[in-house]
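In this note's numbering, the protein residues as written are 17 to 152.
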């Protein structure tokens, strides 16, 4: 009786796993996920927003129901960042590619409450509002 060596079994197992993963990716069965960093919030009309602090900037990105990046749904946003031990910071976020971005004013520690208002083109009143702890 001829036995197959252990490295051969490992190679076979790896090939089978790669084939299954590739087949699932082609069929779209792999679960799409939102970014792991920042705070992900469900939107009332469907989809998601992701709020993250990067390079001392508050960044808001939009995702559709299938958790894929979506085009900007708003022309600007306003945020109040409420720290527990110092004065609040108020910022306006403007479009930059597929995100809304604040100036570099968000100082560490990055533990605060965010009050976010999103404005559509030509509107004076916010279209959507969110209030959340960062990080949650």
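We put the CB at the ideal spot given by N, CA and C, even for glycine.
Since this is a predicted model, take the numbers as computed values, not measurements.
Between residue 48 and residue 82 the beta-carbon gap is near 6 Å, inside 8 Å, which marks them as a contact. Here the alpha carbons of residue 56 and residue 26 stand approximately 39 Å from one another. The beta carbon of residue 147 lies closer than 8 Å to those of 129, 130, 131, 132 in the same chain, with the five residues before and after it left out. Per DSSP, residue 119 is not a residue of any beta strand (DSSP E), being assigned neither H nor E. In the displayed model, residue 52 falls within coil according to three-state DSSP, outside both helix and strand.
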